[in-house]
Structure formats: structure tokens, C-alpha cells
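Enquirer: Got a structure here, written out as C-alpha cells. Questions coming.
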Amino acid sequence: AVAVAAALAVRGRGGPAPGRAAFLQEVAAHLSDSEVRSGIRIASRMPAHTSVRHAAEVLGSGYRMSGPDTVPFALWCAAGHLDDLEEGLWCTVAGRGDIDTTCAIAGGVIAARTGVAALPPAWHAAREPLPEWAALSA
Numbered sequence: 659a660v661a662v663a664a665a666l667a668v669r670g671r672g673g674p675a676p677g678r679a680a681f682l683q684e685v686a687a688h689l690s691d692s693e694v695r696s697g698i699r700i701a702s703r704m705p706a707h708t709s710v711r712h713a714a715e716v717l718g719s720g721y722r723m724s725g726p727d728t729v730p731f732a733l734w735c736a737a738g739h740l741d742d743l744e745e746g747l748w749c750t751v752a753g754r755g756d757i758d759t760t761c762a763i764a765g766g767v768i769a770a771r772t773g774v775a776a777l778p779p780a781w782h783a784a785r786e787p788l789p790e791w792a793a794l795s796a
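Take any residue in the sequence shown, count from 1 to its spot, add 658: that is its number in our numbering.
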């Protein structure tokens, strides 16, 4: 599910970001029947005004440390902020749970769409140096 979401995010670079529901529905359409797909479908049907905490309670936010309890929420956060890495990560943090995992998933999907340029300058300056081979893809 995460790889599908990242691939769809890359494919959408340069165009308008799809809405949260549309993005999640497209991700789910490419998955086989599973608990993760069911969770993503539930996420796609959540009203636009759903709070982050409520989404985390309904979808799970990684407390059970399993894909079905982590991936739907992380993708829900990413799908709502496909063009804003910083806001997407703060949204994910607000859900609490297994924050490092959910932020890695959401951030990876958003960054697949936005690229390195979307990283806030202060964050970029504070990061550890990348190995030489990684600079080729930046």
C-alpha cells in the first residue's frame, strides 16, 4: 500500500493534488483484499472535517505495531497534504501513536510527490549529511 501510494504520488508530480478521498480510493483500487485495504477504504470515506485524533482512533495510529493499525492513518495524513510536507508531518504527529513509523510513511509518500525542494530550509540545514551516493538522487 505504501509503495502504491508513493508511486501514485510520483506520477502526480507537477499536476494538481488529488483530494484525500480520491487519492485513497485510487490506492485501494490497486491493492488485493486485505485489512490494510479495508482500512484505506474506511479512511477514504471519512468526512473532510474529520479531526486528526478521530481519524487516529478509527484507523489506528500504530499502537498495535501492525500494518492494518498503521498504514491507513499514515496514508490518510499524507493524502490530505500531498503538496505540503511540513503540514503533513505535523498532521501525522497530532495522531500520536507510533509517530516515527507513521511520519516515515506519510513523509515518504509526500516527499515522493514534492521532492527534496519541499523540505523546509531549516530542516534541510539541520539534517545529517547524506552519503555521496544519495546526493545523486537529490
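Using N, Cα and C, we set each Cβ at its ideal position, and we do this for glycine too.
With DSSP run on the structure shown, which of helix, strand or coil describes A706?
Expert: Taking the sequence shown and counting its residues from 1, one reaches residue 706 at position 48. It is coil, neither helix nor strand.
Enquirer: Where does A796 land, buried or exposed, given buried means 16+ other C-beta within 10 angstroms?
Expert: Your numbering for residue 796 matches position 138 in the sequence shown. Here A796 scores only 46 on pLDDT, less than 50, and its place in the model should not be relied on; the value that follows carries that caveat. A796 should be labelled exposed.
Enquirer: Which residue from W781, T728 and F681 puts its Cα closest to that of S702?
Expert: Against the sequence shown, residue 702 aligns to sequence position 44. Here the closest residue by C-alpha is F681.
Enquirer: Beta-carbon separation of G816 and V710 under 8 Å?
Expert: Shown here, the chain extends from 659 to 796; a query on residue 816 therefore has no answer.
Enquirer: Using alpha carbons as the reference points, say which of A686, G718 and G773 lies closest to V668.
Expert: For this step, residue 668 is matched to residue 10 along the sequence shown. Here the closest residue by C-alpha is G773.
Enquirer: Buried or exposed for R785, going by 16 or more other Cβ atoms inside 10 Å?
Expert: Taking the sequence shown and counting its residues from 1, one reaches residue 785 at position 127. By the neighbour-count rule (16 or more Cβ atoms within 10 Å), R785 is not buried but exposed.
Enquirer: What is the residue span of the alpha helix (DSSP H) that G725 lies within?
Expert: The residue labelled residue 725 in the question sits at position 67 within the sequence shown. Element bounds for G725: G725 to A737.
Enquirer: Count the other CB atoms, across all protein chains shown, that sit within 10 Å of the CB of M723; report buried if there are 16 or more and exposed otherwise.
Expert: For the purposes of this step, residue 723 is identified with residue 65 of the sequence shown, where counting begins at 1. Exposed, since its Cβ has fewer than 16 Cβ neighbours within 10 Å.
Enquirer: Compare the Cα-Cα distances from P726 to each of R771, H739, A686 and T708 and report the closest residue.
Expert: For the purposes of this step, residue 726 is identified with residue 68 of the sequence shown, where counting begins at 1. The candidate whose alpha carbon is nearest that of P726 is A686.
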